[in-house]
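S.K.: Pasting in a structure now, in structure tokens, and then I'll have a few things to ask.
Protein chains: 2
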Amino acid sequence: MTATPLRLDDFLPYRLSVTSNLVSDHVAGAYRSLFGLSVPEWRLVAVLAEADGLSQAAIGERTRMDKVSVSRAARALEGRGLVTRLADARDARARALSLTDAGRGLHALVAPRAKAMEAAIFACLDPAEATQLKVLLARVEASLTAADPTAGSAADKK
Amino acid sequence: MTATPLRLDDFLPYRLSVTSNLVSDHVAGAYRSLFGLSVPEWRLVAVLAEADGLSQAAIGERTRMDKVSVSRAARALEGRGLVTRLADARDARARALSLTDAGRGLHALVAPRAKAMEAAIFACLDPAEATQLKVLLARVEASLTAADPTAGSAADKK
DNA sequence: TGATATTGGTATCAACTGAAACCATTTGTG
DNA sequence: CACAAATGGTTTCAGTTGATACCAATATCA
Numbered sequence: 001m002t003a004t005p006l007r008l009d010d011f012l013p014y015r016l017s018v019t020s021n022l023v024s025d026h027v028a029g030a031y032r033s034l035f036g037l038s039v040p041e042w043r044l045v046a047v048l049a050e051a052d053g054l055s056q057a058a059i060g061e062r063t064r065m066d067k068v069s070v071s072r073a074a075r076a077l078e079g080r081g082l083v084t085r086l087a088d089a090r091d092a093r094a095r096a097l098s099l100t101d102a103g104r105g106l107h108a109l110v111a112p113r114a115k116a117m118e119a120a121i122f123a124c125l126d127p128a129e130a131t132q133l134k135v136l137l138a139r140v141e142a143s144l145t146a147a148d149p150t151a152g153s154a155a156d157k158k
Numbered sequence: 001m002t003a004t005p006l007r008l009d010d011f012l013p014y015r016l017s018v019t020s021n022l023v024s025d026h027v028a029g030a031y032r033s034l035f036g037l038s039v040p041e042w043r044l045v046a047v048l049a050e051a052d053g054l055s056q057a058a059i060g061e062r063t064r065m066d067k068v069s070v071s072r073a074a075r076a077l078e079g080r081g082l083v084t085r086l087a088d089a090r091d092a093r094a095r096a097l098s099l100t101d102a103g104r105g106l107h108a109l110v111a112p113r114a115k116a117m118e119a120a121i122f123a124c125l126d127p128a129e130a131t132q133l134k135v136l137l138a139r140v141e142a143s144l145t146a147a148d149p150t151a152g153s154a155a156d157k158k
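So the protein sequences, as listed, match chains A and B.
Under full-length UniProt numbering, the residues of the first sequence are numbered 1 to 158, in order.
Under full-length UniProt numbering, the residues of the second sequence are numbered 1 to 158, in order.
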């Protein structure tokens with residue numbers, strides 16, 4: 001028996017990559033043109049709005065960005081007066097990141113816009129389908145990180 | 001009423017990006033270490049195995065890669081003796097790409113491996129779910145490309 | 001306590017990517 | 001036919017990215 005030939009169009013890693021890039025480009029363009037934010041910067045703002053005072057390492061873990069990206073985004077945002085990076089009293093190496101008032105203001109501006117974009121992009125799915133999509137993606141992600149614990153983490157590679 | 005706050009972990013563009021990057025990295029690492037192929041190169045081989053003799057522009061359309069990436073991948077593969085690029089008799093600008101025997105041989109090696117990886121990565125989904133995932137992704141992709149016809153195409157920008 | 005390994009964060013560098021400029025050819029269109 | 005516009009491909013260049021090396025501070029442990 002011949003194995004069914006591989007059709008690129010049916011190949012899930014390919015499909016996933018194409019769709020994801022399409023969405024990313026779309027969203028990234030909006031952040032950039034409307035707010036001058038890169039995606040890493042936006043992620044940082046978003047996560048700090050949820051949990052203030054995180055260290056860069058903690059942010060890296062939550063957002064699955066590597067520490068170099070976090071560092072760059074953090075400095076850029078600090079330069080724009082959107083976040084502060086206070087020395088941590090307990091650990092002189094670490095810096096606790098917080099949104100400034102300006103940062104909080106920006107977040108208040110960006111967040112609704114982001115939700116609107118999400119709604120627009122995924123308007124082609126009904127709510128149950130959108131949930132289903134999230135669930136499936138989460139399962140894939142979990143299984144993949146379980147298989148390779150070092151994958152995508154911000155932890156130093158051995 | 002206060003809008004529900006944006007939780008990054010629930011934000012679909014973010015989820016999609018994280019999962020896709022995880023899968024991509026996983027797969028790309030395998031292509032590279034096992035066969036010395038980059039993802040663009042692998043896509044080119046895969047698409048030529050399905051339809052031989054395509055022009056680079058046609059490949060770009062099918063794989064959603066821009067023409068620079070296609071050009072680079074094509075030249076790299078030609079350099080390795082995996083594809084030929086014959087001058088098209090009808091259009092002296094175009095080149096018809098074909099897999100050489102070696103290219104075909106490599107594809108015969110890579111394809112099963114790719115399918116096995118796909119199976120392993122998505123083993124956490126039952127077949128119906130995998131299909132559902134493809135369907136949902138395709139819908140998102142279609143709606144997004146309909147909204148912005150220039151997105152992701154290899155066509156020259158105006 | 002000192003030696004060693006770890007960890008938070010930054011700097012550096014090489015690779016990848018895509019936009020724009022470019023060349024050569026082909027396709028309109030008068 | 002001639003000339004503008006469009007198309008296939010390549011080159012160039014600038015921006016982004018992540019691996020690696022690195023520095024400083026902390027943790028571990030004899």
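Each residue gets a CB set at the ideal place from its N, CA and C atoms; glycine is no exception.
From a predicted model like this one, the values you see are computed outputs, not experimental measurements.
(1) Hey, does A/Phe35 have any beta-carbon neighbour from chain B nearer than 9 Å?
(2) Is it true that the stretch 81 to 97 of chain B meets the stretch 21 to 36 of chain B, where meeting means three or more beta-carbon pairs spaced less than 8 Å apart?
(3) Which residues, taken in chain order from the stretch 106 to 126 of chain B, show a beta carbon closer than 9 Å to some beta carbon of chain A?
(4) With DSSP as the reference, please indicate the residues paired to B/Arg95 in a beta bridge.
(5) Quick check: is the beta carbon of B/Gly152 nearer than 9 Å to any beta carbon in chain A?
(6) Along the chain, where does the alpha helix (DSSP H) containing A/Met117 start, and where does it finish?
(7) Given a threshold of 16 other Cβ atoms within 10 Å of its Cβ, counted over all protein chains shown, does B/Arg95 qualify as buried or as exposed?
(8) If the criterion is Cβ atoms closer than 9 Å, does the pair A/Ala114 and A/Trp42 meet it?
(9) Between B/Leu16 and chain A, is there a C-beta pair that is closer than 9 Å?
(10) With 9 Å set as the bound, which would you pick, yes or no: does the beta-carbon of A/Gln132 sit closer than that to a beta-carbon of chain B?
(11) Helix, strand or coil for B/Leu37, going by three-state DSSP, please let me know.
(12) Counting only beta-carbon separations shorter than 9 Å, does B/Asp10 have a partner in chain A?
(13) For A/Leu136 and chain B, any beta-carbon pair shorter than 9 Å?
(14) Since A/Ala30 is in the alpha helix (DSSP H), which residue starts that stretch and which ends it?
(15) Measure the C-alpha to C-alpha separation of A/Ala30 and A/Val83 and round it to an integer number of angstroms.
(16) Which term fits B/Pro5, buried or exposed, when burial requires 16 or more other beta carbons within 10 angstroms of its beta carbon?
(17) Does the beta-carbon of B/Ala46 have 16 or more other beta-carbons within 10 angstroms, so that it is buried, or is it exposed?
(18) Against chain B, does A/Thr19 count as a neighbour if the rule is that its beta carbon must be under 9 Å from one of theirs?
(19) What does the alpha-carbon distance come out to for the pair A/Leu133 and A/Ala49?
(20) For the putative contact between B/Ala111 and B/Gly81, defined by C-beta atoms under 8 Å, what is the C-beta separation to the nearest angstrom?
(21) Do you know whose CA, among B/Leu97, B/Glu61, B/Ser55 and B/Leu136, lies nearest A/Leu8's CA?
(22) Roughly how many angstroms lie between the CA atoms of B/Gly53 and B/Asp25, to the nearest whole one?
(23) Can the beta-carbon of B/Arg15 be found closer than 9 Å to that of A/Glu78?
(24) Buried or exposed: which applies to B/Ala146, given that a residue is buried once 16 or more other Cβ atoms fall within 10 Å of its Cβ?
(25) Answer yes or no: does any C-beta atom of chain B fall closer than 9 Å to that of A/Arg43?
(26) Interface residues of chain A around B/Glu61 at Cβ under 7 Å?
(27) Rounded to whole angstroms, what's the CA-CA distance from B/Ala155 to B/Leu109? Just pull it up for me.
M.R.: Let me lay it out:
(1) No, its Cβ sits nowhere closer than 9 Å to a Cβ of chain B.
(2) In short, these stretches do not touch, since the Cβ pair count stays below three.
(3) His107, Val110, Ala111, Pro112, Ala114, Lys115, Met117, Glu118, Ala120, Ile121, Phe122, Ala123, Cys124 and Leu125: these are the residues of the stretch 106 to 126 of chain B whose beta carbon lies less than 9 Å from some beta carbon of chain A, given in chain order.
(4) According to DSSP, B/Arg95 bridges with B/Ala87.
(5) In this prediction, B/Gly152 has a pLDDT of 49, which is less than 50 and means its spatial position is unreliable; nothing more can be read from the coordinates.
(6) Note, A/Met117: alpha helix (DSSP H), Asp101 to Ile121.
(7) It counts as buried.
(8) It is a contact, given that the beta carbons lie within the stated cut-off.
(9) For B/Leu16, the answer is yes, since a Cβ of chain A falls inside 9 Å of its Cβ.
(10) For A/Gln132, the nearest CB of chain B lies under 9 Å from its own CB, placing it at the interface with that chain.
(11) Coil at B/Leu37, not helix or strand.
(12) Yes, B/Asp10 lies at the interface with chain A (some Cβ there is under 9 Å from its Cβ).
(13) Cβ-Cβ to chain B under 9 Å: yes for A/Leu136.
(14) Per DSSP, the continuous alpha helix (DSSP H) segment holding A/Ala30 begins and ends at Leu12 to Ala30.
(15) Going by the C-alpha atoms only, they are around 21 Å apart.
(16) Label assigned to B/Pro5: exposed.
(17) It is buried - the Cβ of B/Ala46 has at least 16 other Cβ atoms within 10 Å.
(18) By this cut-off, A/Thr19 is an interface position.
(19) Each residue's Cα considered, the two are about 25 Å apart.
(20) Contact flag wrong, Cβ pair sits at about 19 Å.
(21) Ranked by Cα distance from A/Leu8, the options B/Leu97, B/Glu61, B/Ser55 and B/Leu136 are led by B/Glu61.
(22) Taking the Cα positions, B/Gly53 is about 30 Å away from B/Asp25.
(23) At a Cβ-Cβ threshold of 9 Å, B/Arg15 and A/Glu78 do not count as neighbours.
(24) B/Ala146 should be labelled exposed.
(25) So, interface residue.
(26) Simply none; closest approach about 12 Å.
(27) Any reading at B/Ala155 needs caution, since the residue's pLDDT is 41, under 50, leaving its predicted position unreliable; the model's value is listed next. A straight-line Cα-Cα distance of about 32 Å links B/Ala155 and B/Leu109.
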